[in-house]
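Participant:
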Amino acid sequence: MTDRKDTTHVLIARNLTLYRRPRSSVWQCKYKTEGRWRRATTHERDFESAKNRAYDILIEAKVRIKLNVVPFTRKFKDVATQAIVRIDKELQDDYGKVIYKEYKVAINKYMIPFLGNYNVDSIGPVQLEEFDQFRIKKMGRVPKLSTLQTHNAAMNRIFDEAELRGYLKAINRPKLVAKAKKGGRRAGFNLEEVRAVKQNFDAWIERGRADCVAVRSLLRDYVHVLMDTGARPGKELLDMRWTQIELQTMANDDPVVILKIQTGKTGKRSAIGRTPTLLALDALAKRNHASTVAELIHSSNKAHIFRFAEYLNEDQLLASQTPQLLPPTSFSKLFNTYLDDHNLLLDPITNQKRVLYSLRHTYATMALTYDHVEVHTLAKQMGTSIAMIEKHYSHLDVIKAVHQLQGTESRLLLEAVGEIDQRYVFDNNQELAVST
Numbered sequence: 227m228t229d230r231k232d233t234t235h236v237l238i239a240r241n242l243t244l245y246r247r248p249r250s251s252v253w254q255c256k257y258k259t260e261g262r263w264r265r266a267t268t269h270e271r272d273f274e275s276a277k278n279r280a281y282d283i284l285i286e287a288k289v290r291i292k293l294n295v296v297p298f299t300r301k302f303k304d305v306a307t308q309a310i311v312r313i314d315k316e317l318q319d320d321y322g323k324v325i326y327k328e329y330k331v332a333i334n335k336y337m338i339p340f341l342g343n344y345n346v347d348s349i350g351p352v353q354l355e356e357f358d359q360f361r362i363k364k365m366g367r368v369p370k371l372s373t374l375q376t377h378n379a380a381m382n383r384i385f386d387e388a389e390l391r392g393y394l395k396a397i398n399r400p401k402l403v404a405k406a407k408k409g410g411r412r413a414g415f416n417l418e419e420v421r422a423v424k425q426n427f428d429a430w431i432e433r434g435r436a437d438c439v440a441v442r443s444l445l446r447d448y449v450h451v452l453m454d455t456g457a458r459p460g461k462e463l464l465d466m467r468w469t470q471i472e473l474q475t476m477a478n479d480d481p482v483v484i485l486k487i488q489t490g491k492t493g494k495r496s497a498i499g500r501t502p503t504l505l506a507l508d509a510l511a512k513r514n515h516a517s518t519v520a521e522l523i524h525s526s527n528k529a530h531i532f533r534f535a536e537y538l539n540e541d542q543l544l545a546s547q548t549p550q551l552l553p554p555t556s557f558s559k560l561f562n563t564y565l566d567d568h569n570l571l572l573d574p575i576t577n578q579k580r581v582l583y584s585l586r587h588t589y590a591t592m593a594l595t596y597d598h599v600e601v602h603t604l605a606k607q608m609g610t611s612i613a614m615i616e617k618h619y620s621h622l623d624v625i626k627a628v629h630q631l632q633g634t635e636s637r638l639l640l641e642a643v644g645e646i647d648q649r650y651v652f653d654n655n656q657e658l659a660v661s662t
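So, in structure tokens, the structure goes:
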């Protein structure tokens, strides 16, 4: 058996060890709590003083466990965990910000997996540069400026926590810089393209396999609501329940749907939907609940709105199995397929790829150009700031001066039925060529 070095001393077998690293005069200790070895410095050069401090460290750790406090170390992952605890507390006390939820995602998904085992006071430019490369690889792309700013804010919460606990000096704190291209305007759809998007859906759904019809139908209704309300794709609509909508009738007998969005990026808000939204919700109510929107609201149905019934084969149907209502998992990919099938995926001017978020950009453009919606009102509807609206849509000023149309004009234009340009019509010959 190898003799133990004189720089290593077992104080409590399998629980506490005192040791000194090569080329260091300061004693370190290794102690076990809850089946896990942890390390800490005693800050002592004298052996007896270090031994007494090691015992104190173990006792303090056990007391923290007894008081239900996580044993604390300088490890980035431990400091990050405490930063998340503080974030959760602020959210629970209603003085946290909605963006804090994105901080938690950034910390758990990117920072802890890569930086977790570093001591928080040992992270410098080299580690941050390596972290940047790790993040790009994990994301599969170079993050945009807004993403980097969010991540930097999240990491600064961790460094704040480290400073608060005395594990990091302000002078040694890494300076975080967001170097990236600013996000530009996303490609939208013009009037002719919007008509094509809306009118091609039914035939596309009919062409789908039996097990795809339900999710394709859900995508159609989802797209119609996004285009009619300017909501953000994702949680804003997908998290909504039937209890979070109201129906009203305007003085001119036009129906209005009030969507009480709970998980908006900038907090809770109410958004207005019109006839296209009502028709889409009515289709969903009939498919999923054999009911009307009004009946579901009246019955206080708490089910999620944007769901589709799972496909059951003949054996499952014969066994009287009831289909479950499922959330969509690949809407972005499915929407890309739909646009690609109808030559709508790429903007012909910018060659930029359209995505679900393009519908939000299209809504804002239509509202400003044709409906003359005030910027303040549009910002409230879309859950964004006036500054953001002015930043991304100031280029429309000249166009707005030309188009002096009524407030409902864009709705009439979009709902107009007519021939679709042949370039947006699905090519059956192309499908046959692929299948062969």
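Here my numbering = 1-based position in the sequence shown + 226. For glycine and all other residues, C-beta sits at the position ideal for the given N, C-alpha and C.
1. Between Arg-446 and the rest of its own chain, which residues show a CB-CB distance below 7 angstroms, the 5 nearest in sequence each way excluded?
2. Between the alpha carbons of Tyr-281 and Ser-348, how many angstroms are there, rounded?
3. Once you ignore the five residues that flank Lys-395 on each side, which residues in its own chain have a CB closer than 7 angstroms to its CB?
4. Quick check on DSSP: helix, strand or coil for Asn-378?
5. On the criterion of 16 or more Cβ atoms from any shown chain inside 10 Å, does Lys-301 qualify as buried, or is it exposed?
6. Would Thr-576 be called buried (16 or more neighbouring beta carbons within 10 Å of its own) or exposed?
7. Quick one: residues in its chain with C-beta nearer than 8 angstroms to the C-beta of Lys-512, no 5 flanking neighbours on either side, listed in chain order?
8. Would Arg-467 pass as a contact of His-530 if the rule is Cβ separation under 7 angstroms?
9. Tell me the rounded alpha-carbon separation between Arg-586 and Thr-610.
10. Determine the extent of the alpha helix (DSSP H) in which Ala-266 is found, giving its start and end residues.
11. Let me confirm a value: Trp-263 is counted as buried when at least 16 other C-beta atoms fall within 10 Å, else exposed. Which label applies?
12. Leaving out five residues before and five after Asp-744 in sequence, what residues of the same chain have Cβ atoms less than 6 angstroms from its Cβ?
13. Could you tell me if Leu-284 is buried or exposed, where buried requires 16 or more neighbouring beta carbons within 10 angstroms of its beta carbon?
14. Just the Cα atoms here: how many angstroms apart are Val-311 and Ile-238?
15. Please state the DSSP three-state secondary structure of Asn-345.
16. Whole angstroms is fine: what's the gap from Gly-434's alpha carbon to Glu-536's?
17. Measure the Cβ-Cβ separation of Val-482 and Gln-474 and say whether it is below 7 angstroms.
18. Taking the straight line between their C-alpha atoms, what separation do you get for Gln-375 and Gln-359?
19. Would DSSP call Leu-582 helix, strand or coil?
20. DSSP three-state label for Ala-404, please.
21. Starting from Val-482, follow its DSSP beta bridges and name the residues at the other end.
22. Would you kindly work out how many angstroms separate the C-alpha atoms of Thr-501 and Leu-604, rounded to a whole number?
23. For the beta strand (DSSP E) containing Lys-528, list its first residue and its last residue.
24. With DSSP collapsed to three states, give me the class of Tyr-663.
25. Please list, in chain order, all residues of the same chain as Asn-345 whose beta carbon is under 6 angstroms from its beta carbon, the five residues on each side excluded.
26. In terms of residues, what are the limits of the alpha helix (DSSP H) holding Ala-520?
27. Write down the C-beta distance between Phe-561 and Leu-444 rounded to the nearest angstrom, noting that I regard them as a contact closer than 8 angstroms.
28. So, helix, strand or coil for Arg-649, using DSSP?
29. Where DSSP assigns a beta bridge to His-235, which residues make up the other side?
Facilitator: Based on what the coordinates show:
1. Phe-427, Ile-431
2. 26 angstroms
3. none
4. helix
5. buried
6. exposed
7. Thr-518
8. yes
9. 12 angstroms
10. Unbroken run through Ala-266 is the beta strand (DSSP E), 262–267; no alpha helix (DSSP H).
11. exposed
12. Examination of residue 744 is not possible in this model, given that the chain is present from 227 through 662 alone.
13. buried
14. 32 angstroms
15. strand
16. 15 angstroms
17. yes
18. 16 angstroms
19. coil
20. coil
21. Gln-474
22. 18 angstroms
23. Unbroken run through Lys-528: none, as it is neither H nor E.
24. A question about residue 663 goes unanswered here, because the residues of the chain that appear run from 227 up to 662.
25. Arg-300
26. 519–524
27. In fact, because the Cβ distance is near 11 angstroms, the residues do not count as touching under 8 angstroms.
28. helix
29. Leu-244
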